[in-house]
Amino acid sequence: MTNNHYDAIVVGSGISGGWAAKELTEKGLKVLMLERGRNIEHVKDYTNAHKEAWDYPHRGERTQEMIDNYPVLKRDYPLNEPTLGMWANEKDSPYVEEKRFDWYRGYHLGGRSLTWGRQSYRLNKEDFQANGKEGIAVDWPIRYEDVSPWYDYVERFAGISGSRDGLDVLPDGQYQMPMPLNCVEKDVAARIQKSFKGQRHLIPGRTSNMTEPKPKEGRTNCQYRNKCWLGCPFGGYFSTQSSTLPAAVKTGNLTVRPYSIVTEILYDKDKKRATGVAIIDAETNETYEFTSKILFVNASSFNSTWLLMNSATDVWDGGLGSSSGELGHNVMDHHFRIGAHAMVEGYEDKYHYGRRPSGFYVPRFRNWGGDKRDYVRGFGYQGSASRQGWGRDVAEMGIGANLKNAVSEPGSWQIGMTAFGEMLPDHSNRIFLDPTKRDKWGLPVLAMDVEIKENEKRMRKDMMQDAIDMFEASGMKNVQGYDSDYFPGQGIHEMGTARMGRDPKTSVLNGHNQVWDALNVFVTDGACMTSASCVNPSLTYMALTARAADFAVEELKKGNL
Amino acid sequence: MSMNRRDLLKMIAAATGTAFISSNAMAYITLPMKSVNQTDFSKDDVAFFNEVGEVIIPRTDTPGAKDANVGLMMAIMVTDCYTPAQRKAFTAGIASIKTLAKSTYGKDFLLLSNDERAALLASLDDEAGVFNKKQELASKERKDEEKQLPHSFTLIKQLTLFTFFTSEVGANKVLRYVAIPGRYDGDFPYKKGDKAWAT
Numbered sequence: 001m002t003n004n005h006y007d008a009i010v011v012g013s014g015i016s017g018g019w020a021a022k023e024l025t026e027k028g029l030k031v032l033m034l035e036r037g038r039n040i041e042h043v044k045d046y047t048n049a050h051k052e053a054w055d056y057p058h059r060g061e062r063t064q065e066m067i068d069n070y071p072v073l074k075r076d077y078p079l080n081e082p083t084l085g086m087w088a089n090e091k092d093s094p095y096v097e098e099k100r101f102d103w104y105r106g107y108h109l110g111g112r113s114l115t116w117g118r119q120s121y122r123l124n125k126e127d128f129q130a131n132g133k134e135g136i137a138v139d140w141p142i143r144y145e146d147v148s149p150w151y152d153y154v155e156r157f158a159g160i161s162g163s164r165d166g167l168d169v170l171p172d173g174q175y176q177m178p179m180p181l182n183c184v185e186k187d188v189a190a191r192i193q194k195s196f197k198g199q200r201h202l203i204p205g206r207t208s209n210m211t212e213p214k215p216k217e218g219r220t221n222c223q224y225r226n227k228c229w230l231g232c233p234f235g236g237y238f239s240t241q242s243s244t245l246p247a248a249v250k251t252g253n254l255t256v257r258p259y260s261i262v263t264e265i266l267y268d269k270d271k272k273r274a275t276g277v278a279i280i281d282a283e284t285n286e287t288y289e290f291t292s293k294i295l296f297v298n299a300s301s302f303n304s305t306w307l308l309m310n311s312a313t314d315v316w317d318g319g320l321g322s323s324s325g326e327l328g329h330n331v332m333d334h335h336f337r338i339g340a341h342a343m344v345e346g347y348e349d350k351y352h353y354g355r356r357p358s359g360f361y362v363p364r365f366r367n368w369g370g371d372k373r374d375y376v377r378g379f380g381y382q383g384s385a386s387r388q389g390w391g392r393d394v395a396e397m398g399i400g401a402n403l404k405n406a407v408s409e410p411g412s413w414q415i416g417m418t419a420f421g422e423m424l425p426d427h428s429n430r431i432f433l434d435p436t437k438r439d440k441w442g443l444p445v446l447a448m449d450v451e452i453k454e455n456e457k458r459m460r461k462d463m464m465q466d467a468i469d470m471f472e473a474s475g476m477k478n479v480q481g482y483d484s485d486y487f488p489g490q491g492i493h494e495m496g497t498a499r500m501g502r503d504p505k506t507s508v509l510n511g512h513n514q515v516w517d518a519l520n521v522f523v524t525d526g527a528c529m530t531s532a533s534c535v536n537p538s539l540t541y542m543a544l545t546a547r548a549a550d551f552a553v554e555e556l557k558k559g560n561l
Numbered sequence: 562m563s564m565n566r567r568d569l570l571k572m573i574a575a576a577t578g579t580a581f582i583s584s585n586a587m588a589y590i591t592l593p594m595k596s597v598n599q600t601d602f603s604k605d606d607v608a609f610f611n612e613v614g615e616v617i618i619p620r621t622d623t624p625g626a627k628d629a630n631v632g633l634m635m636a637i638m639v640t641d642c643y644t645p646a647q648r649k650a651f652t653a654g655i656a657s658i659k660t661l662a663k664s665t666y667g668k669d670f671l672l673l674s675n676d677e678r679a680a681l682l683a684s685l686d687d688e689a690g691v692f693n694k695k696q697e698l699a700s701k702e703r704k705d706e707e708k709q710l711p712h713s714f715t716l717i718k719q720l721t722l723f724t725f726f727t728s729e730v731g732a733n734k735v736l737r738y739v740a741i742p743g744r745y746d747g748d749f750p751y752k753k754g755d756k757a758w759a760t
């Protein structure tokens, strides 16, 4: 039975799980990492990484069969031939939509670290204080200063490229050289700077695509192929496989067990500590138990919450962490799919070379400084400018040699940007265990009851209009605002369902990501977020995980856990 | 607890220093390429699609639709990717080309000269333009949720362009393609006549 005991168990292998495994093994702990899906080995298993459209049976497009098999995924861009198999099987693992909720899950080693958007921004000082100041939900138990050194730490290791802009709203970090703006974006940046008197900024996106190699870690800088989602054979962007997993494996302290669905955290109610986990083998349906001193829960926000809900139910009906009344509540995402696009006149003697897997970023400017709106918080924009390709509207060009020649050359420059808005934590936005439905393994499934409220709806008006104003102010032509509708989950930034706080009566986790009711259980994925900010959240999960792992090992040494 | 396959593998893993307890690693799913036998269409259909495609994207000083065998990929895409409504419209569009050839020239489309083929498809393209514009206006007024299908010739034209420019021939010989650019230059010189990037 000694084989089944470890110093620490990490549930999940995505962005935060990979960091937990790296930090804990490097500090000398024997760690078992449990992954519910299959193994994917770095480089070797990136079977589509070198393919082009013509190498796929349907040129990369979705088939009707794929659409039938993925009733949720089909709603948006992730369903396509190149990334097929990188999303949870929806028939095996269903969920219930009380209200429409688009849930995009990666059930394989590395999780969504292989398919993430890679944009990497820090929360700012205000982000950690706004809840407390505005009396919304609960105050974060930590401040920017608590996380700042951990941002430094994870940025250096992960390899984040970006510019240092000296903006309070978007704190600078430890960056490699930025991916450059193109000639149009540079000019638009200058015009926005001038038109809005230095209150709005257009900067290069900060991304986990590297611009400088990391030879020690066997990683090459980005090669500008823009095929990140297929797994990068160069290790050019941060993923579990390219970055944290090799570091953890190198220690000799890591064991990884794929096909392991963790069904329950084993809980000793007298000691108020977790003793380990129960799992079901996804292939054989056999069950096993593993024990450990500490437990890191990194199964992705909703699945981490699901696991807590299914644990210690003999003590609390609602599961471990439910004594707060907040477990599963306060679901947040980033609302988006709104902004503007425009045509750019001129620059006919300019083009772009290379496929940049990032673009520009316009940091939040609403409700910042002296600005005051009829809603709280704000939004940032992500966008890019480029010349149109062969796929542009060709209705006017007829057929034959003229058509062929015309579309063989690039079209005009165009520019577009999409706003990503902060969503407030609201108790009524919740997930819960559906009382009837079960998955392939007979396990209960989640039901989603989430919607955007008045604050987000008011913000969306600015999210479109401000984009229009900025493009018009910078001389763009045919400026068109758009709102493609947003449904919760589409941001693929699920957060908040086991939030951190200062009081066990109103929060699930304390300031070190420990479950109040089981201090040796740490939840450091998106579930822990007390508020959402408007920036992409993954970098913050990395920093919080490294911070919690450091604390956990110190506490273990002191005999407190 | 009896030792099962996984436990055994785990012991092997421990002995060899491999961190993974896993036997069958799997990658991204890769699907096999398709042949005409796996489509709703015959070899003759594919040949016909190629002839139609060649009128839309002819060989000039660079390869054309037939060189890229767009016909086969059109058959595959229509069979597997189109909705039933799109499939029906596409098939009707092909049929109408055949009918129009007969009624206009009294000959099979395949027996028409290049100029006759071009004139025939150009007239269909004009008709499609008028039809699509009308429909666009109408759907704006109706605010339909459901997207209306464009004219059937537009489907054929779009599919020809798609299958041509996503082909290896189209991307490499008609457009420009670089597998590993290695850098990004957002101020790259361009002069009229330079080809667009394929991706």
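If you read the sequences in order, they're chains A and B.
Residue 234 in my numbering is what sits at position 234 of the first sequence, and the numbering runs on without skipping anything.
Position in the second sequence counted from 1, then plus 561, gives you my numbering.
Just so you know, even glycine gets a beta-carbon here, dropped at the ideal spot from N, CA and C.
Note that the structure is predicted; figures quoted are calculated from it, not measured.
May I have the straight-line CA-CA distance separating residue i from residue j, to the nearest angstrom?
i	j	result
M175 (chain A)	G166 (chain A)	The sequence given here places Tyr at residue 175 (chain A); Met does not occur at that position. Near 13 Å, if we compare the C-alpha coordinates of G166 (chain A) and Y175 (chain A).
M309 (chain A)	W316 (chain A)	9 Å
P488 (chain A)	A662 (chain B)	52 Å
S412 (chain A)	L673 (chain B)	37 Å
G110 (chain A)	K74 (chain A)	22 Å
P537 (chain A)	V331 (chain A)	14 Å
D434 (chain A)	F714 (chain B)	49 Å
G667 (chain B)	A679 (chain B)	16 Å
D439 (chain A)	W306 (chain A)	13 Å
D268 (chain A)	S292 (chain A)	12 Å
H58 (chain A)	H5 (chain A)	48 Å
T724 (chain B)	E155 (chain A)	42 Å
Q696 (chain B)	T220 (chain A)	51 Å
G389 (chain A)	A759 (chain B)	8 Å
G319 (chain A)	L29 (chain A)	28 Å
F157 (chain A)	A401 (chain A)	52 Å
Can you tell me whether residue i is buried or exposed? The criterion is at least 16 other CB atoms within 10 Å of its CB, across all chains shown.
i	result
H334 (chain A)	buried
Q599 (chain B)	exposed
T727 (chain B)	buried
T211 (chain A)	buried
D622 (chain B)	exposed
N478 (chain A)	exposed
S603 (chain B)	exposed
H50 (chain A)	exposed
Excluding sequence positions up to five away, which residues of its chain have a Cβ less than 7 Å from the Cβ of residue i?
i	result
Y541 (chain A)	I15, S16, T524, D525 and G526
R225 (chain A)	R355
E555 (chain A)	L561
E134 (chain A)	V376
Mapping the DSSP letters down to three states, classify residue i as helix, strand or coil.
i	result
F714 (chain B)	helix
N585 (chain B)	Because N585 (chain B) carries a pLDDT of 48, less than 50, the predicted location of this residue cannot be relied on, and no value is offered for it.
E472 (chain A)	helix
Y56 (chain A)	coil
S260 (chain A)	strand
Hey, is residue i's beta-carbon within less than 8 Å of any beta-carbon in chain A?
i	result
M635 (chain B)	no
N598 (chain B)	no
F670 (chain B)	no
N693 (chain B)	yes
A757 (chain B)	yes
G614 (chain B)	no
Between residue i and chain B, is the shortest Cβ-Cβ distance under 8 Å, so that the two count as touching?
i	result
S243 (chain A)	no
Y351 (chain A)	yes
I399 (chain A)	yes
Y224 (chain A)	yes
K74 (chain A)	no
N298 (chain A)	no
Leaving out five residues on either side along the sequence, give the residues of the same chain with a beta carbon under 6 Å from the beta carbon of residue i.
i	result
G648 (chain B)	At residue 648 (chain B) the sequence reads Arg, which differs from the Gly that was named. Answer for R648 (chain B): V639, listed in chain order.
A532 (chain A)	M332, E422, M423 and M495
P171 (chain A)	R122 and N124
A629 (chain B)	F725, S728, V730 and G731
Could you check if residue i belongs to the surroundings of the ligand FMN, using beta carbon to heavy atom distance under 7 Å?
i	result
A247 (chain A)	Of ligands this structure carries none, so the ligand FMN is not represented either.
What residues in its chain sit with their C-beta under 8 Å from that of residue i, if we drop five residues either side in the sequence?
i	result
K595 (chain B)	I637 and D641
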